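Using the numbering used here, the first residue of the sequence shown is number 14, and each one after it goes up by one.
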Amino acid sequence: MEWIRRMGLKKALFTMTFINLILATLLSVLSFWICLELSTKVSSHMVEVRINDDNLVVTETEKKVSPRAAMAGNILSALQIVLPVACFVTAMMITASLFYRLKLKEPLELLARGASRIMENDLDFQMETRAEDELGELCVAFENMRRSLLNNNRELWRQAEERKRLNAAFSHDLRNPVTVIKGSVKMARRCLERPSVQRDEAGKSAAVKEDFPDTELLRENLARIEDYTDRIRRYVEIMGSVGKLEEVQAERAPAAWSTLTGELENAISFIVAGSGIRFVFERFGSGGTICVDKNMLFQIAENLISNGLRFAKRQITVRLFLSEEELSLEVADDGEGFPERLLKNGVKPFQKGVEDSDHFGMGLYICDLLCRKHGGSLTLENGQTGAKVCAVLRIS
């Protein structure tokens, strides 16, 4: 029956109907002929009766049909009509049954099971059919729809995960600028209170506080607050305009080497202040003007410093190396070092060195991403006294 399975629905139905009608016609003719022959034989079966007439010399004989033969003849006459009709009706029923079993049953069951699993949000299956007809094409279309739904669900899941990463990165990177702003506000408040010397009634000197701001220091802190506030504003605009974290692009601009390193040292000192950790800042190389994305550099440095402060015991060392083509930022601490699984697996989002609910495990991932966006790389290693991270930015 494989040749029937390979036919289209219309052609298969016509072929099966035609074949069964021919068979029904042959069986009808055969049944009619058999009934006719049997009826002829029954009608020829007579009972001979002799009649004697005493008054006459002639003796006559008469043939009569028996009651059983008459009943059989009537039955055969009815069968001559009933059997052909029954043959055609049976042929139609067999045609419908075979057509359903060969052409409809398997595809319909497959479609019903597939629809049921899709309604249950179960798309992890595959619809395979041997049918090459219209229903087979429908099953193929249904399978394509299932794959599209599965791909769309995976894409939605990926976008949700990407949005989760983006939100985690956003909240993570806002901490450091806010910390610098808070430190600058504290320094500005101190600038507003300057001790002066006055004499009491007994003539003794006494130190009192009066409002007499240190203008230069206050101006410096206000400028820092304005700079970091502007950085937060730009960062919010960038994060709101991109759909994925990977869409952030480096915007290089000329910057004086001495000014850049001074600002970076000053920003890091505010992050380290109050932590009780000793901060060492070293720079190697000299240059006039370099082309670098200042925001990316500061963001990388602040993330690495914040990450190092969580594990450092007594000291953090920051080193800047400048060459003709690259700017390298090295951050080392004297903690326990990176876990072996982190060094083995590499930098991944939401991968934490230790289980800490206050951190998302995004700091190193953000640094690695920003380094790659700036044409560089991020490497992790364990030194003799702790962990060391080297961020390389291409400046040529």
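For each residue, glycine too, the CB sits at the ideal point set by N, CA and C.
Note that the structure is a prediction, hence the values are computed from the model and not measured.
The shortest C-alpha to C-alpha distance from Leu322 to any of Phe311, Gly399, Ala263, Val261 is the one to Gly399. DSSP, reduced to helix, strand and coil, places Pro267 within a strand of the structure shown. Separation of the CB atoms of Ala104 and Leu36 is rounded to 6 Å, and the pair is thereby assigned contact status at 8 Å. Taking 8 Å as the cut-off, the beta carbon of Gly86 is found closer than this to the beta carbon of Ser52. Taking all protein chains in view, the Cβ of Ala236 is surrounded by fewer than 16 other Cβ atoms within 10 Å, so the residue is classified as exposed. Tyr378 has its alpha-carbon roughly 13 Å from the corresponding atom of Met309.
DSSP places Ala345 inside the beta strand (DSSP E), whose first and last residues are 339–346. Straight across, the Cα-Cα distance linking Asn180 with Phe138 is about 33 Å.
By the criterion of at least three beta-carbon pairs nearer than 8 Å, the segment 161–177 is not in contact with the segment 189–196. Burial state of Leu382 is buried, judged by a 10 Å Cβ sphere holding 16 or more other Cβ atoms. The beta carbon of Asp347 is closer than 7 Å to those of Ala325, Lys326, Arg327, Gln328, Thr398, Gly399 in its chain, skipping five residues each way along the sequence. By the Cβ test, the segment 89–105 is not in contact with the segment 114–132, since fewer than three Cβ pairs between them sit closer than 8 Å. Under the DSSP assignment, Ile303 falls in the beta strand (DSSP E) whose first and last residues are 302–305.
Inclusion of Leu340 and Val305 in the CB contact set at 8 Å is warranted, their separation being smaller than that value.
Around Cys100, the same chain offers Ala37, Leu40, Ser41 as residues with beta carbons nearer than 6 Å, after the five sequence neighbours per side are excluded. Distances from the CA of Gly149 to each of Asn166, Cys403, Leu115, Ile238 were compared; the closest alpha carbon is that of Leu115. Between Asn189 and Ile284, the CB-CB gap stays under 8 Å.
Its Cα nearest to that of Arg385, the residue Val261 stands out among Val261, Ala109, Leu34, Leu136. Using a 10 angstroms sphere on the CB of Phe112, the tally of other CB atoms reaches 16 or more, which defines it as buried. Around the beta carbon of Phe311, 16 or more other beta carbons sit within 10 angstroms, so the residue counts as buried. Here the alpha carbon of Asp135 sits roughly 13 Å from the alpha carbon of Glu156.
DSSP places Leu382 in no beta strand (DSSP E) but in the uninterrupted alpha helix (DSSP H) bounded by 376–386. A check of alpha carbon separations from Glu278 across Glu315, Gly389, Arg19, Gly301 identifies Glu315 as the nearest. By a beta-carbon distance limit of 8 Å, Ala404 does not contact Leu333. Their separation comes to about 10 Å. Between Ala345 and Lys307, the gap from beta carbon to beta carbon reaches 8 Å or more.
Residue pairing of Val402 in beta bridges, as defined by DSSP: Val344, Leu393. Look at Arg323 here: in three-state DSSP terms it is coil, with no helix or strand label. For Gly350, the closest of Glu338, Leu335, Asn320 by C-alpha to C-alpha distance is Asn320.
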